[in-house]
Amino acid sequence: MAPARQPLATLTSRTRRVGYRAATTDFSFTTQMIGRNGSIKPSSDSCWGRRTPSECDGDTGAIRSAYEAACSSASSAEGASNPWHELLYDRLRDRALPALIADETITPAASLWTGSRLWLDSFREAGLQRGDRLLISLSPSAAFAQVVVAALWQGVTLVMLPPEADIDAHLASMDARAAVTDQGMRCGVPTSACATPHTWRPEGLTGPAEPPKSLRDVTGPRTPDVRFLLSTSGTTGSPTWVALSDRNVLSVLATHMPLLGLRNARTLSVLPWDHAFGLVLDFLPALLSEAEIIRDPNGGRDPEELLRLARAWGATHLTAVPLVIDRIADADGGPGMLCSLDGGIVGGAPVSGSLAQLLSGTSLRAGYGQTEASPGIALGPPGHWAANYLGQPLGCCVDIADDGELHFSGDNACIGVWREGQLEREDPDRRVATGDLALRKGDDLFFRGRTDNTFKLSNGRLVAAGHVESVVKQRFTSIEEAFLFSPDGDNVALAIRLKEPNSTAPSREAICNAIGSISQRLIEVRSIPEKDWHRTPKGTVARTEMDAFLQRTFSKEASSSSSAPSSSS
Numbered sequence: 001m002a003p004a005r006q007p008l009a010t011l012t013s014r015t016r017r018v019g020y021r022a023a024t025t026d027f028s029f030t031t032q033m034i035g036r037n038g039s040i041k042p043s044s045d046s047c048w049g050r051r052t053p054s055e056c057d058g059d060t061g062a063i064r065s066a067y068e069a070a071c072s073s074a075s076s077a078e079g080a081s082n083p084w085h086e087l088l089y090d091r092l093r094d095r096a097l098p099a100l101i102a103d104e105t106i107t108p109a110a111s112l113w114t115g116s117r118l119w120l121d122s123f124r125e126a127g128l129q130r131g132d133r134l135l136i137s138l139s140p141s142a143a144f145a146q147v148v149v150a151a152l153w154q155g156v157t158l159v160m161l162p163p164e165a166d167i168d169a170h171l172a173s174m175d176a177r178a179a180v181t182d183q184g185m186r187c188g189v190p191t192s193a194c195a196t197p198h199t200w201r202p203e204g205l206t207g208p209a210e211p212p213k214s215l216r217d218v219t220g221p222r223t224p225d226v227r228f229l230l231s232t233s234g235t236t237g238s239p240t241w242v243a244l245s246d247r248n249v250l251s252v253l254a255t256h257m258p259l260l261g262l263r264n265a266r267t268l269s270v271l272p273w274d275h276a277f278g279l280v281l282d283f284l285p286a287l288l289s290e291a292e293i294i295r296d297p298n299g300g301r302d303p304e305e306l307l308r309l310a311r312a313w314g315a316t317h318l319t320a321v322p323l324v325i326d327r328i329a330d331a332d333g334g335p336g337m338l339c340s341l342d343g344g345i346v347g348g349a350p351v352s353g354s355l356a357q358l359l360s361g362t363s364l365r366a367g368y369g370q371t372e373a374s375p376g377i378a379l380g381p382p383g384h385w386a387a388n389y390l391g392q393p394l395g396c397c398v399d400i401a402d403d404g405e406l407h408f409s410g411d412n413a414c415i416g417v418w419r420e421g422q423l424e425r426e427d428p429d430r431r432v433a434t435g436d437l438a439l440r441k442g443d444d445l446f447f448r449g450r451t452d453n454t455f456k457l458s459n460g461r462l463v464a465a466g467h468v469e470s471v472v473k474q475r476f477t478s479i480e481e482a483f484l485f486s487p488d489g490d491n492v493a494l495a496i497r498l499k500e501p502n503s504t505a506p507s508r509e510a511i512c513n514a515i516g517s518i519s520q521r522l523i524e525v526r527s528i529p530e531k532d533w534h535r536t537p538k539g540t541v542a543r544t545e546m547d548a549f550l551q552r553t554f555s556k557e558a559s560s561s562s563s564a565p566s567s568s569s
């Protein structure tokens, strides 16, 4: 029997709550912790922030039980029990919530459950076994939820891909048995347009349209203890495929979910579900919390549409990157909507001073993590914000090395990476270097830059560009962004963007006094307009592209200067 589809007309008055609360919050900036739940105290000076799931505030219930089951079975991968079974059964079967609101349709939990059983039957009939690698390339939808639930139940390794991924190439590179994709179907292309015979395609909410002709023959062993293979964003280097276990993911869910307050919430979902942030801290918490998931088809790119969805469905939570929050804040009614939210996480990139000032009047939290950390390392209290704030360590042990690099260890540390067609395992008890430079102030962590945002001058001097940029932005509140580079290999120059385009930039002398000894090599400070700043999809500065742009700009100016005729006396 096909799962039920509920049209908009059947919505209850609770679900159809219209409008959001009027914003009365004062947007005055504060760096003091707001006295709400979520304050996390350090355990020691050298390694602080570790909290086991059982110590967290709130009722973790089945989540904690699943995490404990994953821990107890981690050493026996082939014979391990599946910690997701009881959790998914309890949260989805014969229930109205959670519900997914997408494509003008509400899909209740019971329909997600029924559809997942159809997928599970098809997986089993095709011979898909525990530890087989399965590509998931689906747009955020009810079908996505059904497939993920079925794959978790079967214990396969889910290789999460964006909806537009190259299926054939990834089948080979990930040594996968098959794929599930809705490619072609989104634009009306017939199913037969897919060349590979190793593909499932969804038939709406009624499970797969048809099974694959065959499963692909693989060359390597199964990976039964790897639950997800997730790609890093690649914004700070080449993307890496990170292997996460059940224990990894459930440890973060068990520590973070009690603080997010998602039970019976209406969460506006904009993050991609194929990345760690969107999957582990947006989709899965909402799915396991009896929440209503309001999916934005534009992925947060259209602030007016986001505001419309927030009003129409009475959104209470939002988890997003700073770029999306910036877009909302600039829209008419956007600040009021942000202040009306009961909670959510802002993470994925550092927050500027001006945005931190706005967020201080909201209940949104700072979140910090990496795919390698499943992706939870730190979470801030609601409304506790300052420029470059990362939050307070949660669920893992954190320390800062002598060179300023942030390290973590704990059950959130990934179990390996996938390289050249095979899994390279890592010691689960290792100390993981994040590549991020951080500063500790009491319980709080602040971003100072990347270790790979460094370069050498011709004399061999190593310049920590990220640290210098952070100092400049903190010292001069009129500067929104800064970018340090070397135009000639011998000296450095600083590109800045002012918060107010018509304001006066700090003098070179003032900046030299702030940045220490590198000031001896600073030959120019230049204001660059917003349109010339190159950005990643997260909204952070794309350093390679920005450096190339500035190099071209300075090179052209140097050429023009050298070719200009000299004035005669």
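Residue numbers (the numbering used here): 1 to 569.
Glycine included, C-beta positions come from ideal geometry on N, C-alpha and C.
Because the structure is a prediction, the values reported are computed rather than measured.
By alpha-carbon positions, which one of the options ends up nearest to residue i?
i	options	result
residue 387	353, 358 and 376	353
residue 501	478, 523, 495 and 516	478
residue 371	92, 249 and 163	249
residue 406	419, 209 and 445	445
residue 296	88, 523 and 104	104
residue 458	393, 488 and 441	488
residue 461	519, 434 and 306	519
residue 373	106, 276 and 399	276
residue 268	303, 402 and 534	303
residue 360	349, 367, 513 and 382	382
residue 412	205, 432 and 400	432
residue 441	421, 463, 417 and 400	400
Rounded to a whole number of angstroms, what is the C-alpha to C-alpha distance between residue i and residue j?
i	j	result
residue 506	residue 482	12 Å
residue 42	residue 452	Residue confidence is low: residue 42 scores 33 on pLDDT, short of 50, so the model does not pin down where it sits. Its coordinate-derived value is still stated next. The alpha-carbon atoms of residue 42 and residue 452 are separated by roughly 28 Å.
residue 480	residue 473	7 Å
residue 414	residue 329	35 Å
residue 299	residue 160	17 Å
residue 281	residue 396	16 Å
residue 112	residue 494	53 Å
residue 140	residue 540	24 Å
residue 137	residue 384	36 Å
residue 369	residue 229	17 Å
residue 82	residue 145	18 Å
residue 200	residue 158	14 Å
residue 153	residue 93	13 Å
Secondary structure at residue i, three-state DSSP: helix, strand or coil?
i	result
residue 114	helix
residue 554	helix
residue 200	strand
residue 531	helix
residue 275	coil
residue 374	coil
residue 469	helix
residue 412	coil
residue 500	coil
residue 84	helix
residue 353	helix
residue 379	strand
The beta strand (DSSP E) spanning residue i covers which residue range?
i	result
residue 144	Element bounds for residue 144: not the beta strand (DSSP E) but the alpha helix (DSSP H), 142-154.
residue 230	228-231
residue 243	241-244
residue 384	Element bounds for residue 384: n/a, residue is neither H nor E.
residue 596	Residue numbering for the chain in the displayed model covers 1 to 569; residue 596 lies beyond these limits and cannot be assessed.
residue 399	397-400
residue 108	105-108
residue 180	178-181
residue 345	345-347
Return the bridge partner residues of residue i from the DSSP annotation.
i	result
residue 89	Answer by DSSP bridge pairing: none, since residue 89 is not bridged.
residue 172	Answer is none; residue 172 lacks a bridge partner.
residue 405	437
residue 216	Paired residue(s): none; residue 216 is not in a bridge.
residue 292	99 and 266
residue 280	Per DSSP, none; premise fails for residue 280.
residue 390	Paired residues: none, contrary to the question.
Span of the alpha helix (DSSP H) holding residue i?
i	result
residue 527	Here residue 527 belongs to no alpha helix (DSSP H); instead the beta strand (DSSP E) covers 522-527.
residue 65	62-73
residue 311	303-313
residue 338	334-340
residue 515	508-515
residue 329	322-330
Closer than 7 Å to a non-hydrogen atom of the ligand SAM - does that hold for the CB of residue i?
i	result
residue 300	Questions concerning the ligand SAM fall outside what the structure shown contains, since it holds no ligand whatsoever.
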